[in-house]
Amino acid sequence: MALDRISVVIPPVGSWREQGRWYRWAEQTGYDVAYTYDHLTHATAPGMWLSEAFTTLTAAAGTTERIRLGTLVASAVFRTPVTLARIAMTVQDISGARLVLGLGAGAPTCALADHGVRERPRDMSARFADVVRGYTAVLDGATEWQGATLSFRGLETTSAPDGTLRPELLLAAHGPRALALAAEFADTWNTYGGPGSTTLDPDDYWALLARQAQGFDRACEDAGRAPGAVRRSLLLGFGQVRPTTSVDDYLAAAERAEALGFDELVVYAPDSPAGMDSDPVVHERALARLR
């Protein structure tokens with residue numbers, strides 16, 4: 001297969017003892033990146049414990065050796081540029097440069113849980129752009145920066161530990177403004193299809209992904225970047241397309257993702273809430289076929 005990365009999302013549900021075994025399993029099975037997500041609350045986990053993303057990845061770094069570790073995705077509705085840069089570079093340092101920093105606009109429910117306001121989509125979009133630009137400014141060594149919704153000044157510390165390179169920046173994008181942002185700043189563009197895509201039947205869903213990929217091509221061209229210069233990542237499983245149902249479904253999904261030009265396929269780990277559970281053997285046998 002032309003996919004150069006096959007990865008897994010391990011939801012931050014339950015205690016570390018419960019989560020930790022899945023990070024070790026992911027490494028042993030042969031996954032390239034183990035992601036967690038960054039939510040304060042989520043409709044798929046009512047009454048459950050959600051652990052903090054970067055702390056979880058730090059723990060995962062201590063129990064794994066090879067596998068890369070990432071957020072899919074950190075939430076711009078409650079992250080700010082300087083604190084995001086500090087925590088990302090800390091995990092990058094501790095993990096031996098294995099972090100994939102995924103960042104997205106976030107969810108209105110998390111904004112409500114964090115600061116009591118249900119953000120409008122246009123406000124979330126503007127903040128997302130500011131978090132990306134401000135984070136980049138921090139790592140570029142800026143001591144002050146002004147965006148449309150966020151700013152910082154008086155930053156006297158360094159942007160990273162000596163000799164530690166910045167992590168891969170993955171940006172989740174679905175609409176035109178976010179795609180343009182990803183085309184300008186991202187090392188990797190990720191999509192799951194976007195709001196509303198989870199109810200689409202498989203044929204309509206894959207057609208939507210094709211349109212998004214074409215839209216990202218245009219965004220890259222507008223930004224002066226070659227479309228092939230940015231890795232393309234696809235998360236599957238939070239909708240009608242469930243690749244881990246069987247080995248054949250997994251292989252078919254990988255083939256379709258490749259045909260649309262995606263470089264990375266991301267699936268949900270076996271022990272996932274909201275009905276996304278799957279047999280670990282399906283993952284193991286599918287990966288053995290895809291490698």
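For the sequence shown, full-length UniProt numbering begins at 1 and goes up steadily by one.
For each residue, glycine too, the CB sits at the ideal point set by N, CA and C.
Keep in mind it's a predicted model, so treat the numbers as computed, not measured.
Alpha carbon of residue i to alpha carbon of residue j, nearest angstrom
| i | j | result |
| --- | --- | --- |
| residue 181 | residue 194 | 16 Å |
| residue 59 | residue 162 | 22 Å |
| residue 95 | residue 66 | 10 Å |
| residue 47 | residue 54 | 22 Å |
| residue 277 | residue 50 | 17 Å |
| residue 328 | residue 137 | Because the chain in this structure spans residues 1 to 291, residue 328 falls outside the shown range and cannot be described. |
| residue 11 | residue 186 | 23 Å |
| residue 267 | residue 209 | 16 Å |
| residue 179 | residue 221 | 12 Å |
| residue 32 | residue 285 | 15 Å |
| residue 122 | residue 150 | 15 Å |
| residue 115 | residue 199 | 30 Å |
| residue 135 | residue 146 | 12 Å |
| residue 14 | residue 34 | 17 Å |
| residue 299 | residue 86 | No statement about residue 299 is possible, as the shown extent of the chain runs from 1 to 291 and does not include it. |
| residue 110 | residue 249 | 33 Å |
| residue 142 | residue 157 | 10 Å |
| residue 264 | residue 201 | 22 Å |
| residue 273 | residue 176 | 31 Å |
| residue 52 | residue 3 | 30 Å |
| residue 79 | residue 289 | 39 Å |
| residue 98 | residue 120 | 34 Å |
| residue 56 | residue 271 | 16 Å |
| residue 283 | residue 207 | 25 Å |
Buried/exposed call for residue i, threshold 16 Cβ in 10 Å
| i | result |
| --- | --- |
| residue 167 | buried |
| residue 281 | exposed |
| residue 204 | exposed |
| residue 165 | exposed |
| residue 117 | exposed |
| residue 18 | exposed |
| residue 102 | buried |
| residue 275 | exposed |
| residue 144 | exposed |
| residue 28 | exposed |
| residue 68 | buried |
| residue 83 | exposed |
Span of the alpha helix (DSSP H) around residue i
| i | result |
| --- | --- |
| residue 72 | Counting along the chain, residue 72 falls outside any alpha helix (DSSP H), and DSSP gives it neither H nor E. |
| residue 182 | 176-185 |
| residue 23 | 16-29 |
| residue 287 | 280-290 |
| residue 57 | 53-63 |
Supposed close pair residue i, residue j - CB separation, criterion 8 Å
| i | j | result |
| --- | --- | --- |
| residue 9 | residue 269 | 6 Å |
| residue 64 | residue 24 | 7 Å |
| residue 236 | residue 243 | 5 Å |
| residue 81 | residue 152 | 6 Å |
| residue 292 | residue 246 | The structure shown does not extend to residue 292, since the chain spans only 1 to 291, so no value can be given for it. |
| residue 130 | residue 148 | 6 Å |
| residue 139 | residue 160 | 7 Å |
| residue 126 | residue 183 | Actually they do not touch by this definition, with Cβ atoms about 17 Å apart. |
| residue 344 | residue 189 | Because the chain in this structure spans residues 1 to 291, residue 344 falls outside the shown range and cannot be described. |
| residue 91 | residue 61 | 7 Å |
| residue 30 | residue 218 | That belief does not hold up - the Cβ atoms of residue 30 and residue 218 are roughly 35 Å apart, past 8 Å. |
Residue i, enclosing beta strand (DSSP E) - first and last residue
| i | result |
| --- | --- |
| residue 172 | 168-172 |
| residue 299 | As shown, the chain starts at 1 and ends at 291. That puts residue 299 outside it, with no answer to give. |
| residue 6 | 5-9 |
| residue 264 | 264-268 |
| residue 192 | It is not in any beta strand (DSSP E) - residue 192 carries neither H nor E in the DSSP assignment. |
| residue 103 | 99-104 |
Within-8 Å CB hit, residue i to chain D
| i | result |
| --- | --- |
| residue 83 | Chain labels in this structure do not include chain D; a single protein chain is all it has. |
| task | Would you be able to state if there are at least three C-beta pairs under 8 Å between the segment 248-257 and the segment 212-224? | result | no
| task | Give a yes or no on contact between the segment 33-40 and the segment 66-75, applying the rule of three or more CB pairs nearer than 8 Å. | result | yes
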